[in-house]
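Engineer: So the protein lines, in turn, are chains C and X.
Residue numbering for the first sequence follows UniProt numbering, beginning at 1 and increasing consecutively.
Residue numbering for the second sequence follows UniProt numbering, beginning at 1 and increasing consecutively.
Every residue gets a Cβ at the ideal spot worked out from N, C-alpha and C, and that includes glycine.
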Amino acid sequence: MKKFTPILASATLAMSLVATSMSATAAESYVPVIVKATTSEYWQTVFLGARAAAKDAGVRIEELGAAAESDIAEQIAIMENTITRQPTAIVLAPTATDPLSGTVEAATAAGIPVILIDSAVGTDAYASFLSTNNYVGGQKGAEALAQCIKDKTGKAEGKVAYLTSLAGVESLTSRDNGFLDGMKAFPGIEVVDNRIGNNDMAQGLTNTLDIMSRTPDLVGLFADNAIMGIGAGAALDERGGNKPCLIAFDADEQEVNLLKDNIIDGLIVQDPYMMGYAGVWFAAAAGHGARLPKEIDTGVMVVTPSNYKESKFAGLLDPKKRQLGSFVGE
Amino acid sequence: MSVLQTSELNKQGVNVSVIDKLSQRIKQKGVPVETFVVLLTALLWVVLSFASPYFLTEGNVLNIMRQVSISGIIAFGVLFTILIAGIDLSVGSVAALAGVVVAKLLVLGLPIWLAVAGAMGLGIAIGLFNAFAIFRLGIPAFIVTLAGLQAYRGGALLASDGMSVSGLPKAFSAFARGEFLGIPTLFWTMVIIGLILHFVLTKTRTGRYLIAMGSNQESARRVGINISKMTFLAYTLSAALAALAGILLVSRLSVGTPTAAMAYELNAIAAAVVGGASLFGGRGSITGTFIGALLFVTIANGANLLGVDPFWQMVAAGVLIAIVVYIDNVQKRRKSGV
Chain C
1 MKKFTPILAS ATLAMSLVAT SMSATAAESY VPVIVKATTS EYWQTVFLGA
51 RAAAKDAGVR IEELGAAAES DIAEQIAIME NTITRQPTAI VLAPTATDPL
101 SGTVEAATAA GIPVILIDSA VGTDAYASFL STNNYVGGQK GAEALAQCIK
151 DKTGKAEGKV AYLTSLAGVE SLTSRDNGFL DGMKAFPGIE VVDNRIGNND
201 MAQGLTNTLD IMSRTPDLVG LFADNAIMGI GAGAALDERG GNKPCLIAFD
251 ADEQEVNLLK DNIIDGLIVQ DPYMMGYAGV WFAAAAGHGA RLPKEIDTGV
301 MVVTPSNYKE SKFAGLLDPK KRQLGSFVGE
Chain X
1 MSVLQTSELN KQGVNVSVID KLSQRIKQKG VPVETFVVLL TALLWVVLSF
51 ASPYFLTEGN VLNIMRQVSI SGIIAFGVLF TILIAGIDLS VGSVAALAGV
101 VVAKLLVLGL PIWLAVAGAM GLGIAIGLFN AFAIFRLGIP AFIVTLAGLQ
151 AYRGGALLAS DGMSVSGLPK AFSAFARGEF LGIPTLFWTM VIIGLILHFV
201 LTKTRTGRYL IAMGSNQESA RRVGINISKM TFLAYTLSAA LAALAGILLV
251 SRLSVGTPTA AMAYELNAIA AAVVGGASLF GGRGSITGTF IGALLFVTIA
301 NGANLLGVDP FWQMVAAGVL IAIVVYIDNV QKRRKSGV
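1. For G59/X, would you say it is in contact with chain C, using Cβ-to-Cβ distances shorter than 8 Å as the test?
2. Can you tell me which of the three DSSP states A27/C falls into?
3. What do you get for R196/X, buried or exposed, if any count of 16 or more other CB atoms within 10 angstroms of its CB means buried?
4. Assign T25/C to buried or exposed, taking buried as 16 or more other Cβ atoms, counted over all protein chains shown, within 10 Å of its Cβ.
5. Please confirm if V255/X has its CB atom under 8 Å from at least one CB of chain C.
6. For the alpha helix (DSSP H) that F290/X lies in, which residues bound it at each end?
7. Return the chain-ordered list of same chain residues with a C-beta closer than 6 Å to the C-beta of A50/C, the five sequence neighbours on each side being excluded.
8. Which same chain residues, not among the five before or five after S21/C, have their C-beta less than 7 Å away from its C-beta?
9. Using a Cβ-Cβ cut-off of less than 7 Å, list which residues of the stretch 57-82 of chain X approach chain C; keep chain order.
10. Cβ of I196/C less than 8 Å from any chain X Cβ?
11. Going straight from the alpha carbon of M213/X to that of A42/X, what length do you get?
12. Specify whether the stretch 236-244 of chain X and the stretch 74-91 of chain X touch according to this definition: at least 3 beta carbon pairs, one from each stretch, less than 8 Å apart.
13. Can you check whether the C-beta of K332/X is within less than 8 Å of a C-beta belonging to chain C?
14. Could you tell me the alpha carbon to alpha carbon distance between G111/C and T38/C, rounded to whole angstroms?
15. Find the residues of chain C that neighbour M190/X, judging by a C-beta separation of less than 9 Å, and give them in chain order.
16. What does A260/X touch in chain C if you count any residue whose Cβ is under 9 Å from its own?
17. Would you mind telling me which residues of chain C sit closer than 9 Å to G167/X, beta carbon to beta carbon, in chain order?
18. Which two residues bound the contiguous alpha helix (DSSP H) that contains K140/C?
19. Spatial neighbours of N199/C within its chain, please: C-beta separation below 7 Å, excluding the five flanking residues on both sides.
20. Taking the C-alpha atoms as reference points, what is the distance between V308/X and R214/C?
21. From the DSSP output, which residues share a beta bridge with D252/C?
22. When the Cα atoms are used, what is the spatial distance from N81/C to T97/C?
23. Over the uninterrupted alpha helix (DSSP H) stretch that includes L253/X, give me the two end residues.
24. Between V250/X, I73/X, L279/X, which lies nearest to L205/C when the distance is taken from Cα to Cα?
25. Among residues of its own chain, excluding the 5 on either side of S33/X, which ones have a beta-carbon nearer than 7 Å to its beta-carbon?
26. Looking at the structure shown, is N267/X part of a helix, part of a strand, or coil, going by DSSP?
27. For A223/C and A232/C, which I take to be in contact (beta-carbon distance under 8 Å), what is that distance rounded to the nearest angstrom?
28. May I ask you to verify whether the stretch 174-187 of chain X touches the stretch 278-291 of chain X, counting CB pairs closer than 8 Å and requiring at least 3?
29. Between the stretch 108-124 of chain X and the stretch 50-70 of chain X, do at least 3 Cβ pairs fall closer than 8 Å?
30. By the criterion of Cβ-Cβ separation under 9 Å, what are the contact partners of T206/C in chain X?
31. Check the C-beta distance from L209/C over to N63/X and give it rounded, since I have them as a contact under 8 Å.
32. Below 8 Å, how does it come out for the stretch 172-182 of chain C and the stretch 219-228 of chain X: are there three or more Cβ pairs, yes or no?
33. Applying a beta-carbon distance threshold of less than 8 Å, which residues of chain C neighbour Y152/X?
34. Return the chain-ordered ranges of every alpha helix (DSSP H) run that is complete within the stretch 64-101 of chain C and spans a minimum of 4 residues.
35. Could you say if the stretch 158-165 of chain X and the stretch 264-280 of chain X meet the contact criterion of at least three C-beta pairs nearer than 8 Å?
36. For N194/C, which residues from the same chain have a beta carbon less than 7 Å from its beta carbon, with the 5 sequence-adjacent residues on both sides left out?
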C-alpha cells in the first residue's frame, strides 16, 4: 500500500495528462482526502463522512494516506504528487505540524485551497481548519467525571487521577490541560495522580491497578484516549468490587462495550465523520471561490450509559448508522 | 543504586556489619550475578514495604504476580535463544499477532480451545520458520528476528485492519482474571511453564546440549550434538511462548490489539540478561530470568506506588541494566585473572 500509492498516483497522473490533452478541459475536478493512516478505525470514519459528502455535493473524491501515522515522508510525497495534479481543493489531516507546512504552502501558492482536518500545521496558508477542540473535550471530561461522582456518592468530592497515553503529544496534552482546568470548578475534588502508559493497553491496565493500590479511596479516573480507556476498563473489570467513576476519550468498539457494561461511565466522543463530511463540502465550496471561516470546531459530545441509545449518539458510536439532519446552530 | 540502597537500609536500622561482610565476601570470592540480582530484588522489596504502606497488601502482591507472568513467559522463551548464542527480537510482534488471531477466531465463533490452538499453531509455525531462516538459510538470528519484528507486526495490523478486535466471549476473559488457591491463574501458568523449562535446562541432556552449543557451537557439533535440532527447539519454544503470552494478554484485556506488546522483546532480553544470561550464549537460567522479570515489574510497581515521575522510572531501569552487566563483567574478568 505504502509503495503502491505513489505508483498509483503517477499512473493516474499519466492518464490524466492524456485525458487533458484530448479533451482540452483544464485541471481535474476532484478532491483528494489525505488522512494520517488508512489502517485505523478513526480515519476510516473520516472517509465514510467524506464519501457521504462526495455524494451529496456531487464531487469526486480520492481516498489517500500512508499505512502508518508515523510515516511523515510518505504523506509529504502524497501531497507533492497531488499538487502536481491540480485538484479542485485538498482535504488534509497532517501527520506532523512542521514537516507538512511546506507542502501546504506550496498547494496554496499553486492556487489549490487546502482544508485541514483534525490537526494543525505550522503555517496559516490554508483555507480552513476543522478539528476537535481537545482542550474543551478535556473540560467536558472533567465535568462528566464530577457529575458521575456526584451521582454515585451524593457529592462532588474525593480523589481522582488521570491516565496520559503518551507524553509530548499536542492533542493529548490539550486534553489533559482541559481536564485539569475543568477540575478547578470542583474544589471538593483533588487530582492526586497521573501516570503515562506509552500508548500500551497493558500498561494502562497496570497503571490503573497501581493507582488504586496507592489511593484506595479513589473516586474517579480520566483516560485521555481509547487505549488508556480500554486498559483502565479492563483493570476495573478484573478488580471488581466498588469501582471509581471512569471517563475516557474516543469511542472505540471495546470502549462502547465497556460503556454498555457500566464499567466506563462516560465517553468523550469526537466527530471524525463530520471532519470528513464538512471537509469535503468546504473543499468544494473553496474550489468555487467561497470565503470560509478560518477555524471550525467539529464538536465533542459526552456519551453515558444512560444516553447512548439516543438516536443522535447512535451515528457517533457507529458511523455506518450516521444520518445527518439540518444544522440549525448550537 | 546499591550505595543508595545501603544508606536507605542504614536509615531503616538494619545491621550494617552484615552488608560489610557481604561486600567483603563479594570482593574476595565474587558472587554470581544471579545472587546479586536476587539480593537486589529482595532489598527493593524490603525498602518498598517500608516506603509504601500499600506495597505488601494482598491486592498489590496479586497485581505484581499478574504483571510478572506475561513478561516472564516471554522472557523464558527468549532465554532459550540467548542460551544458544542467538536472539529473538520478534517475540513482541508474535505476541501481538497471536493475540489478534485468537481474538479474530473467537469473534468468528470458533470454540475457545480451537481458537487458542489456531493461534498457538501460528506461533509454532513462526518459530519453525525463524529457525529455518537462521539455520538452513544461514541468515544471522539478529537479522531474521529483526525482520520478523516488522513483518509479524505488519501481519497483526493486516489481520485486524489496524483496529482492536472486541466482542470476545466472557469465558475467554475469565481465564486470565481467575484465581486458583488464591493465586492468579496467570501466575500458575508461568510457574508451571517455568518449572518444566527449569527441569529441561538443568536435569536433561537437551538442556546440557543447549548450553554446550551456546558455549562453543563448533565443539558441540564435533562431539555430535544435533545443532539443527537445538536451533529449531530454541526458536520454536521462543515463538510459541510469545504466542501464548499474547493470547493470555488478550484474555486479560478482553480485546485483541495489533499494537499490543510493543517493545516487549527488549524487556524480555533485559530480564534474561539481568538474571545472569550472557548474550554470548552458554549461560543463563530460568530462575535468574524470573528474578530479572520480577525486578523490572517491582521497579515499575514501586514507582507507581510512590508516585515517582515515569521518566525517572525509565532511567532507573536503564541504569540497573548497566550496573548488573558491569558487575557481571567485573566478575568474569576477575575469574579469568585479567
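Structural biologist: On the basis of the coordinates in this document:
1. yes
2. Note that A27/C scores 49 on pLDDT, short of 50, meaning its location in the model is unreliable and no value can be drawn from it.
3. Residue identity check: residue 196/X is Ile in the sequence provided, not Arg. It is exposed - the Cβ of I196/X has fewer than 16 other Cβ atoms within 10 Å.
4. Low local confidence applies: a pLDDT of 41 at T25/C is under 50, so the model's placement there is unreliable, with the coordinate-based value given in what follows. T25/C comes out exposed.
5. yes
6. 286-306
7. V33, I61, G276, V280
8. Annotation note: pLDDT 43 at S21/C (below 50); position unreliable, no value reported.
9. Answer in chain order: T57, G59, N60, N63, Q67.
10. Judged by the 8 Å Cβ criterion, I196/C is in contact with chain X.
11. 33 Å
12. yes
13. No, no contact with chain C.
14. 27 Å
15. Within 9 Å Cβ-Cβ: nothing; M190/X doesn't reach chain C, min ~15 Å.
16. D200, M201, A202
17. E253, Q254, N257
18. That run of the alpha helix (DSSP H) goes 134-153.
19. Result list for N199/C: S165, L166, I227, in chain order.
20. 12 Å
21. Paired residue(s): none; D252/C is not in a bridge.
22. Spanning the alpha carbons of N81/C and T97/C requires a straight line of approximately 20 Å.
23. Boundaries of the alpha helix (DSSP H) around L253/X: 227-253.
24. Checking every option, the nearest Cα to that of L205/C belongs to V250/X.
25. A small correction: the amino acid at residue 33/X is Val; Ser does not occupy that position in the sequence shown. Within the same chain, V33/X has close Cβ partners G276, V324, I327, D328, Q331.
26. Helix at N267/X.
27. 5 Å
28. No, the stretch 174-187 of chain X does not touch the stretch 278-291 of chain X.
29. Segments in contact, no.
30. N63, R66, Q67, V297, A300, N301, N304
31. 5 Å
32. no
33. Within 8 Å Cβ-Cβ: nothing; Y152/X doesn't reach chain C, min ~15 Å.
34. 72-84
35. no
36. A161, Y162, T164
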